[in-house]
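Below: the structure, in structure tokens.
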Amino acid sequence: MTALLEVEDLRVAYGKIEAVKGISFTVEAGQIVTLIGTNGAGKTTTLRTLSGLLKPAGGRVVFDGKPLTDVPAHKVVSLGLAHSPEGRHIFPRLTITENLQLGAYLRNDKAGIEKDIQRAYDLFPILGERRKQAAGTLSGGEQQMLAMGRALMCQPKLLMLDEPSMGLSPIMMQKIMETIVELKAQGTTILLVEQNAQAALSLADQGHVMEVGKIVLSGTGADLLHDESVRKAYLGED
Amino acid sequence: MNELPQQLANGLILGAMYGLIAIGYTMVYGIIQLINFAHGEIFMIGGFGALTVYLWMPAGVSLLAIIPLMIIGGVICSVAVSAAAERFAYRPLRNAPRLAPLITAIGLSLALQQAIWKWYPDAKKDRSFPQFKGEAIDIFGAHIQRGDLFVLITAPICMIALGLFVSKTRSGRGMQATSQDPDTAKLMGINTDRIIVMAFAIGAAFAAVAAVAYGLKNGQIGFKMGFIMGLKAFTAAVLGGIGNIYGAMLGGVVLGIAESLATGYMSNVPGMDLFGGGAWKDVWAFVLLIIVLLLRPQGLLGERVADRA
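Chains as they are written, first to last, in my numbering: chain A, 1 to 238; chain B, 1001 to 1309.
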């Protein structure tokens, strides 16, 4: 079986500074794959390159059988790759409903869009209660829910989540992580970038540890969770 | 004759023109944070496009019948020049420091003025523009020239159409998204380059309508007409809250009425009699801008919604 996403020797540079120095990994359909690592490891850069916001300096990306490296950002989503960016980036002056509708910007099936908006409200009831409210007035956790709901509106084959737990209270984080598991159960494939290694590894099928632009360690979520070097470096154990 | 309704009407007519031009400044600024200083010249070129169409028409056809064609001609010229400016002058500088496109805009403004001066027949001095003949019409005690009715009719139509476009259509929604967060807009599948061209084009079309109104009112157009009108319209956009389309129109009308009232009444204020009359009207327009910016820096309708990270 071929993987849904294949990344091979991907390199990304900001000017002369190489932020991603040749990484390779795959995401199989139905899996949760996580990239963990500290600030500046190149995780966000990797996601931004996959979704076309940054141009790679080299390497190959194949998504669902098609090369992705020269596809402009606004066309990537039509291939079925959704990206919920770091820092949530909801549209603050639009309402929750309008934000969700924008997630379905390229879709033409009105009834289907309505149904998926309802699905987002079922997944996150608080969004349904506040649907007419400007998104900028939501709390951080609610904005994260909206960003995830919005990314799901394009019916993605692969959902990329960049630091969904950033800045959230433990309860809110718990809720977000439960949702990720629920989405997987519904058949969504997820590429999860996290600094919270404990949370990410405990629900991931595959994990990759990034350090200064390289993948230094790969394994199943459970393996990495019990790996001594990972425990020392990322889980705060001596 | 009662003077106040007349002054208000004059201000409203002038202000509606400012507002139509201001839409172009505010939409482009709202999306790419560029103050398009060449927009005044886009307005001017719309006037020359409309005049050209008028000159093509056989003699004896009524002006009222030609007006729609003149609008179309002006809009085509303005939109074409504006879209070309975006594509070839501004887009290559999209990621450059903000000063670079600003200087480009000023250069483009001069280049467009000089191009018309040099190549449009007899444009080295003002060219006469057709005007509606006939008695002025009395509305609420104000004499309104027939030509001035044009802007009083077109400006509201343009605003309603724009409001519907932005709030109801997919492209309009995409435009709002792009102005709030361009990178994330791309992640939604929005072709932001196309949205940016659209913003330039809508602004240019509105400026062309304003140029026809200007020509009908003044009976002449010239290659320099974009400078002061552009500056006033930019002031109107800032006054109303730059980035906000309704603010641009409101700013235009407020500015126009303030100018008109200052011109008419300042000389009656004790100690200020030196500063009345038409010669000082531009001064009062900018005094108003300074006052508003001191008291309400975001402009009349400028919004401040918390963008939480």
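Backbone N, C-alpha and C fix where the C-beta goes; we use that ideal spot for every residue, glycine too.
Because the structure is a prediction, the values reported are computed rather than measured.
Residue i burial status per 10 Å Cβ neighbour count (16 or more: buried)
i       : result
H226/A  : exposed
W1119/B : exposed
R1286/B : The residue you asked about is not Arg; residue 1286/B is Phe in the sequence shown. Under this definition F1286/B is an exposed residue.
L1064/B : exposed
D1138/B : exposed
Q1114/B : exposed
G236/A  : exposed
A1309/B : In this prediction, A1309/B scores a pLDDT of 32, lower than 50, which makes its location untrustworthy; no coordinate-derived value is stated.
A1022/B : buried
V1305/B : Bear in mind that the predicted position of V1305/B carries a pLDDT of just 41, short of 50, making it too unreliable to give a figure here.
D109/A  : exposed
I96/A   : buried
A1085/B : buried
K43/A   : buried
F1088/B : exposed
T1154/B : buried
W1056/B : exposed
K1281/B : buried
Q1176/B : buried
P1068/B : exposed
E228/A  : exposed
R88/A   : buried
C-alpha gap between residue i and residue j, whole angstroms
i       : j       : result
K132/A  : L138/A  : 11 Å
G1024/B : A1207/B : 7 Å
G1060/B : Y1054/B : 12 Å
L5/A    : K66/A   : 9 Å
T34/A   : I23/A   : 14 Å
T46/A   : I1035/B : 34 Å
V1209/B : A1161/B : 14 Å
L1110/B : R119/A  : 55 Å
G1226/B : A1236/B : 15 Å
R1296/B : L1255/B : 15 Å
S202/A  : F1234/B : 56 Å
G128/A  : G1015/B : 43 Å
L152/A  : F1037/B : 41 Å
A13/A   : L123/A  : 38 Å
T188/A  : Q195/A  : 22 Å
T1052/B : A1123/B : 12 Å
E28/A   : L1108/B : 53 Å
L1152/B : I1257/B : 14 Å
Beta-carbon contacts of residue i that lie in its chain and below 7 Å, excluding the five residues immediately before and after
i       : result
N99/A   : I90, F91, A135, L146, R150
Q1321/B : Because chain B here runs from 1001 to 1309, residue 1321/B falls outside it and cannot be looked at.
G167/A  : G140
K115/A  : none
L1093/B : A1100, P1101, T1104
G52/A   : V71, P72, A73, V76
Q1131/B : G1147, L1216, G1219
I176/A  : Q144, P164, S165, L168
L1339/B : As shown, chain B starts at 1001 and ends at 1309. That puts residue 1339/B outside it, with no answer to give.
Q31/A   : T189, D205, Q206
E211/A  : G37, A41
Residues near residue i by beta carbon distance below 6 Å, same chain, minus five either side
i       : result
M1001/B : Unreliable positioning characterises M1001/B in this predicted model, as indicated by a pLDDT of 44, which lies under 50. A coordinate reading is not provided.
Y1045/B : Per the sequence shown, residue 1045/B should be read as Ile rather than Tyr. Cβ within range, chain order: C1077, S1078, V1081.
D1273/B : S1267
R60/A   : E8
G1240/B : G1247, A1248, L1250, G1251, G1299, L1300, L1301
G1030/B : S1179, G1243
K214/A  : K21
R48/A   : L54
Whole-angstrom C-beta distance between residue j and residue i, which should lie under 8 Å
i       : j       : result
L192/A  : A204/A  : 7 Å
P156/A  : L1187/B : Not quite, the Cβ-Cβ distance comes to about 11 Å (not below 8 Å), so this is no contact.
F957/B  : I1290/B : A query on residue 957/B cannot be resolved here, the shown segment of chain B reaching from 1001 to 1309 and no further.
V1166/B : A1083/B : Contact flag wrong, Cβ pair sits at about 19 Å.
L106/A  : G1189/B : 4 Å
V230/A  : A197/A  : 7 Å
G1074/B : V1212/B : 6 Å
G1203/B : V1028/B : 6 Å
V1253/B : L1012/B : 6 Å
Sequence-distant residues of the same chain with beta carbon closer than 8 Å to residue i, five excluded per side
i       : result
D1307/B : Low per-residue confidence applies at D1307/B: pLDDT is 38, beneath 50, and the placement is therefore not dependable, though the value from the model is reported in the following sentence. Result list for D1307/B: empty, nothing under 8 Å.
K16/A   : none
Any non-hydrogen atom of the ligand MN closer than 6 Å to residue i Cβ
i       : result
F1223/B : Summarising the ligand content, the structure contains no ligands, and the ligand MN is consequently not present.
Kindly provide the ranges of any alpha helix (DSSP H) runs that are 4 or more residues long and lie completely inside the segment 210 to 238 of chain A, ordered along the chain. 221 to 226, 228 to 234
If you scan the segment 1219 to 1303 of chain B from start to end, which runs of the alpha helix (DSSP H) of 4 or more residues do you find wholly inside it? 1225 to 1240, 1245 to 1265, 1281 to 1295
Can you check the segment 107 to 176 of chain A for any beta strand (DSSP E) of at least 3 residues that lies completely inside it and give the ranges in chain order? 158 to 162
Restricting to runs no shorter than 4 residues, where is the alpha helix (DSSP H) found entirely within the segment 1044 to 1118 of chain B? 1063 to 1084
Please specify which runs of the alpha helix (DSSP H), each continuous and at least 4 residues long, are wholly inside the segment 1120 to 1205 of chain B, giving them in chain order. 1149 to 1168, 1170 to 1180, 1182 to 1187
Taking only runs of the beta strand (DSSP E) that begin and end inside the segment 37 to 106 of chain A, which ones reach a length of at least 3 residues, in chain order? 58 to 63, 81 to 84
What residue ranges within the segment 176 to 208 of chain A form continuous alpha helix (DSSP H) runs of no fewer than 4 residues, ordered along the chain? 197 to 203
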